[in-house]
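Worksheet: one structure, shown below.
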Amino acid sequence: MLKFATWNVNSVKARLPIVTGWLESVRPDVLLLQELKCETGAFPSESFETLGYAGAVVGQKAYNGVALLVRRGLSACDVLTALPGCSEDAQARYVEATVAGVRVASLYLPNGNPVESEKYPYKLRWMDRLRAHVAGLLAAEVPLVLGGDFNIIPEPEDVYAPAEWEGDALFRPESRRSYRALVNLGLTDAFRALHPGEPRAWTFWDYQAGRWPRDQGLRIDHFLLAPQTADRLVSCRVDRTPRGLEKASDHTPVVMELARDRGY
DNA sequence: ATGGTTGTTCCACAA
8 MLKFATWNVN
18 SVKARLPIVT
28 GWLESVRPDV
38 LLLQELKCET
48 GAFPSESFET
58 LGYAGAVVGQ
68 KAYNGVALLV
78 RRGLSACDVL
88 TALPGCSEDA
98 QARYVEATVA
108 GVRVASLYLP
118 NGNPVESEKY
128 PYKLRWMDRL
138 RAHVAGLLAA
148 EVPLVLGGDF
158 NIIPEPEDVY
168 APAEWEGDAL
178 FRPESRRSYR
188 ALVNLGLTDA
198 FRALHPGEPR
208 AWTFWDYQAG
218 RWPRDQGLRI
228 DHFLLAPQTA
238 DRLVSCRVDR
248 TPRGLEKASD
258 HTPVVMELAR
268 DRGY
């Protein structure tokens, strides 16, 4: 079995004891992190190496930042540190590598709020570039796992109060349409494939307004799988325990397992 | 309708 986890940690330095403690107990083979909020050279590699994890880090000062770490015994090869066609992109939001024969990406899709600002068209352009890149990988029949903070609420069942989120960059029709176009290239939402209709499968709860104690969250962290990896999907769950800890991130990890071979 | 929080940074901004 190959175990993957994705987690927007909202500052890897501020979250270090929570992240390493969780890593020790869950021991995924591949760990995808987002919102490192530190420069590449300031990533606390030693803390992860002590636990047997190393890999690729793409950071920047103060904002964004993504990592793809693999357990000792595996390696991350042919690393890509940005989406192709990203001359405009100084933001650290994408890292992709090959692990155990699987092409894996850790992505932090732009939030896009406020929608009247230039941030929203930037989000949509970023999604266009992601879709173009993924189309190429799918055409080559690459076994692909896209994991990360997509900043997209796919369906009304993925938000505690859909009506209140209609105009938000995470849920407005253009955002969802673009996300559907990505999925419709031939990707499978790992969580929904195994848990259709399961309510309150949130991966994010805002720090403000008591969203966590009221369990008012969003499902915006996803694993999307190409057919070659979807055929091997065994499990996918949200681990909400880290969200309840002191000094928690506002996101919680999603954990997914793939069989080593096809199950049919 | 408002207010509510956290992290990094420089006196705000992003989420």
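Here the first sequence stands for residues 8 to 271, numbered as in our numbering. Beta carbons are placed, not taken as given, at the ideal position from N, Cα and C, and that holds for glycine. Quick caveat, the model's predicted, so the values are computed rather than measured.
Under the Cβ criterion (8 Å, minimum of three pairs), the stretch 197–211 counts as touching the stretch 243–262. DSSP, read as helix, strand or coil, puts Trp14 in strand.
Short of 7 Å from the beta carbon of Glu46, and not among the five residues preceding or following it, lie these beta carbons of its own chain, in chain order: Gly66, Gln67, Lys68. Looking only at Asp228, Asp222, Ser32, Val149, the smallest Cα-Cα distance to Gly193 is reached by Val149.
The shortest C-alpha to C-alpha distance from Trp14 to any of Leu43, Ser32, Arg267 is the one to Leu43. Counting only the Cα atoms, Arg269 lies some 6 Å from Asp238. Take Gly72, set aside five residues on each side of it, and the residues of its chain with a beta-carbon closer than 7 Å to its own are Glu42, Leu43, Lys44, Cys45, Val65, Gly66, Ala99, in chain order. CA-CA distance, Arg179 to Trp172, rounds to 8 Å.
Looking at the DSSP output, His258 sits in a beta bridge with Phe211. In the three-state DSSP reduction, Leu177 falls in the coil class, being neither helix nor strand. In this structure, Glu103 places its C-beta atom within 7 Å of the C-beta atom of Leu87. Counting the other Cβ atoms within 10 Å of the Cβ of Ala170 gives fewer than 16, which makes it exposed.
In the structure shown, Gln235 adopts helical secondary structure according to DSSP, grouped into three states. By the Cβ neighbour-count rule, Asp165 is buried, with 16 or more other Cβ atoms within 10 Å of its own. In this structure, Asp36 places its C-beta atom within 7 Å of the C-beta atom of Arg78.
One thing to note: Leu177 has its Cβ within 7 Å of the Cβ of Ile160. Ranked by Cα distance from Ala97, the first of Asp85, Tyr129, Leu23, Val152 is Tyr129.
Counting every other CB atom within 10 Å of its CB across the protein chains shown gives Thr248 a total below 16, marking it as exposed. Arg250 carries a helical assignment under DSSP once its states are collapsed to helix, strand and coil. DSSP places Met134 within a helical segment (H, G or I) once states are collapsed to three. For secondary structure counted as the beta strand (DSSP E) over 3 or more consecutive residues, the stretch 58–105 holds these complete runs in sequence order: 60–65, 73–78, 84–87. Residue pairing by DSSP places Ala112 opposite Glu103, Leu153 in a beta bridge.
DSSP places Val245 in the uninterrupted beta strand (DSSP E) bounded by 240–245. Sequence-distant Cβ neighbours of Asn120 in its own chain, meaning closer than 8 Å and more than five residues away, are Lys126, Tyr127, Asp175, Ala176, Leu177.
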